[in-house]
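Have a look at the structure below, then the notes.
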Amino acid sequence: MSIGGVGAGAAEWPSYDEGLPGAGAGADGTADAAAGVSRTSPGEVVVPDLELGASVLRRRLDDAEANAVSYRRPELHDDPLLQEVAAGDATLEIGSEGEAVTRVQLALLDLGYDLGSAGADGQYGPAVQRAVRALQQDAGLEPTGVVDARTLERLEALAPPLPRDPAQPLIEEVVGPRGANRIADVKAVQQRLAELGFYDGRINGHWSASLARSLKLFDAVVGGREMVARSSSARRRASTLSPGEETERWLRAANAPRWERVPAGGTGWSNGDRDGHSWATNWLVDALGRAGRRYASDYLAENPGASEIVTNDASRRLGGDTPDHATHETGLDLDVKLGAGGVNIYSGRYDREETWAKIK
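If you use this note's numbering, the sequence shown corresponds to residues 102 to 461, in order.
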C-alpha cells in the first residue's frame, strides 16, 4: 500500500495548522486487486495517494479556519462546558456540538487520532466517538466513546502544552547554501532537526552537506511530496530556510513530523520489511497504528482466521533515493502485502474481501 504522496523539547513548540497540500496521485501498476487498488509486484498493492493522503497527514489539521490568527490550539480548560465536564456535571457524546467539541477534536488531532474528512467541525459524530474510544483504550480507561471527567483529564494531560505567547521564528537570518548562516541560527536548526529525528550530525553551528540533506527531506515531508528535490535549483530551494516561511514554521511547530523507525508491529499488523526500509514519519506510523486497530476490531474480531496487515518497504534510514521504488523517499509511503506466504492476486488463496478490509 503506497500511502500519501521528539525530541525532548517538543512540548515548547506551538502547533502549526495549515491545510493539507494536494497529495500526489497515481499508481505504479495496472492489474486490478480491488476497487481503487493496483498491483506493483506479486503480493503488494498500491492505493492511490489521494485516498489516504489525508489520513497520513492528519496532523495538518483540516480545520485551518479555527486557528486562522495564530498557530495555537485553544486550551481545553478555558471552555465553560468543558469546565462542567471536568467537574463531573456534564459529558460530551454523540449529538453534542459547539466550541467544546471543537476543542476536544483539535486536541485529538494533535495527538494523532483520526477524525475522518470532517476534521474539527464542532460536531460529535461517529468518527469522534471512535477517536475517543481509541484514546480511552490507549489511556487504560473504559472505552465508552463518551468524554467524561476522567477522559478529559487524560486528554488534557496528553495533549502537547501550548506556549503563552505566539512563537517567534526559529532563526533570524536565512540558513542555506547561500544564506547568512549565522552560527546561532544554524545551531538552532541542527538542534531542532535532531530533536525530530531528521539530523544525526554534529550540532556545531556550521553549515554542512548532512544538514542540507536533512533540510531537503524535512521540506519534502511537510510539502506532502513522495520524493526529495532533484534538480540543482530545487535542491537549493529545499535546503534553504528563511524566517517565517512555511517550512520554517513547520520546523518550530509542536506537531512537526518526526522521523522514526517503523515498529516491529502492533494490534492488527506487523512489519515485514527485511531490507532496511523501516524508516518513516510519525504521521505514517500513527496512521498505520490506527489502521491496525480498526482492522482488528472491524474485521479480525469476526474473522479470526484472517491474516493481519503485513507491511513491507517504507523508506531508508536517511530517506532519499531507494533502488527498490520510484518513490518511498520521504516516509509517506508504505507497502502492504496481500497475505501470508507470498499470496498475490493470482493465488487461489487470495481473499478480495480481506484485502479490501485492510485497505479501508
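Beta carbons are placed, not taken as given, at the ideal position from N, Cα and C, and that holds for glycine.
Run of the beta strand (DSSP E) containing residue i, from where it starts to where it stops
i: residue 384; result: Not the beta strand (DSSP E): residue 384 falls in the alpha helix (DSSP H), residues 383-396.
Residue i, DSSP secondary structure in three states
i: residue 366; result: strand
i: residue 438; result: strand
i: residue 157; result: Any reading at residue 157 must be qualified, since the residue scores a pLDDT of 40, below 50, and its modelled position is unreliable; no value is offered.
i: residue 185; result: helix
i: residue 461; result: coil
i: residue 431; result: coil
i: residue 242; result: coil
i: residue 334; result: helix
i: residue 233; result: helix
i: residue 216; result: coil
i: residue 401; result: helix
Beta-bridge partners of residue i, as assigned by DSSP
i: residue 195; result: Per DSSP, none; premise fails for residue 195.
i: residue 372; result: 412
i: residue 361; result: 381
Residue range of the alpha helix (DSSP H) that includes residue i
i: residue 284; result: 284-296
i: residue 272; result: Run containing residue 272: none; DSSP gives neither H nor E here.
i: residue 347; result: 347-352
i: residue 206; result: 200-211
i: residue 314; result: 310-323
i: residue 256; result: 250-259
Beta-carbon proximity of residue i to residue j, cut-off 8 angstroms
i: residue 207; j: residue 232; result: no
i: residue 386; j: residue 409; result: no
i: residue 259; j: residue 212; result: yes
i: residue 370; j: residue 412; result: yes
i: residue 353; j: residue 271; result: yes
i: residue 349; j: residue 340; result: no
i: residue 487; j: residue 189; result: Outside the displayed range of the chain (102 to 461) lies residue 487, so it cannot be described from this structure.
i: residue 327; j: residue 428; result: yes
Check: residue i C-beta below 7 angstroms from any heavy atom of the ligand SAH
i: residue 277; result: As far as ligands go, the structure on display features none, and thus does not contain the ligand SAH.
Exposed unless 16 or more other CB atoms sit within 10 angstroms - verdict on residue i
i: residue 269; result: exposed
i: residue 286; result: buried
i: residue 420; result: buried
i: residue 94; result: The structure shown has nothing for residue 94, since the chain only spans 102 to 461.
i: residue 332; result: exposed
i: residue 221; result: buried
i: residue 394; result: buried
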